[in-house]
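Engineer: The structure under discussion is supplied below as structure tokens; questions concerning it will follow.
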Amino acid sequence: MPTVSLTRVVPFAAAHRYFRPEWPVERNREVFGACTSEHGHGHTYECHVTVTGPMDPETGMVMNLRDVDVILEEEVTRRLDHKFVNYDVPEFAPGGLIPTGEALAVFVWQRVVPRLPAPVRLVRVRIQEDRYLYAEYAGEEHAG
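With the first letter of the sequence shown counted as 1, position 12 gets the number 23 in this note's numbering; the numbers rise by one all the way through.
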């Protein structure tokens, strides 16, 4: 059977702030600019998740879309939608990861991969902050 890719896009609204608590205010401002405001700022994100695998000859699917939707509801929407990421997601708490698009893409990857049935593989996670900015992660085997 041919190998095919499938991408599902899920929106979520969230706020975030870039800052390192161990840095002085001036250094945070110098590195992160307006994104270090203590009140944060928000986006209506799009999370694009692409999986690949052999097309099932009986169903014509790589993976049942209902199963993809359940995974994304549990791992993306419930964790991130209408959250202030720095305070509502433990991995991004002060002193933890900075909730950049890049870090969010890796975060989603790490949660989706173990949920996929063999032989389906995760190909890419894209976190789109707005029309002009997105980050993509394709796993360590694709990192250059």
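Ideal placement from N, C-alpha and C gives every residue a C-beta, glycine not left out. Remember, predicted model here, so these are calculated numbers, not experimental data.
#1: From Val96 to Ile109, what does the alpha carbon distance come to, in whole angstroms?
#2: Could you tell me the boundaries of the alpha helix (DSSP H) in which Ile138 lies?
#3: Using beta-carbon positions only, say whether Glu113 and Tyr56 come within less than 8 Å of one another.
#4: Just checking: is the beta-carbon of Glu85 within a distance shorter than 8 Å of some beta-carbon in chain C?
#5: Please state if the CB of Thr70 and the CB of Ser16 are separated by a distance shorter than 8 Å.
#6: Assign Val73 to one of three DSSP states: helix, strand, or coil.
#7: What are the boundary residues of the alpha helix (DSSP H) that includes Val20?
#8: On the criterion of 16 or more Cβ atoms from any shown chain inside 10 Å, does Thr47 qualify as buried, or is it exposed?
#9: From the DSSP output, in three-state form, read off Gly150 for me.
#10: Closer than 8 Å is the cut-off here; do at least three beta carbon pairs connect the segment 65-79 with the segment 12-27?
Structural biologist: Judging by the given coordinates:
#1: If I take the Cα positions, the gap works out to 9 Å.
#2: Per DSSP, Ile138 lies in no alpha helix (DSSP H); the unbroken beta strand (DSSP E) holding it starts and ends at 132-141.
#3: No. Outside cutoff.
#4: You won't find chain C in this structure, because it holds only one protein chain.
#5: With contacts defined by Cβ atoms closer than 8 Å, Ser16 and Thr70 do not form a contacting pair.
#6: Val73: coil per DSSP, three-state reduction.
#7: Careful: Val20 lies outside any alpha helix (DSSP H), inside the beta strand (DSSP E) at 14-27.
#8: Around the CB of Thr47, 16 or more other CB atoms lie within 10 Å, so the residue is classed as buried.
#9: For Gly150, the secondary structure class from DSSP, reduced to helix, strand or coil, is coil.
#10: Enough Cβ pairs lie closer than 8 Å, so yes.
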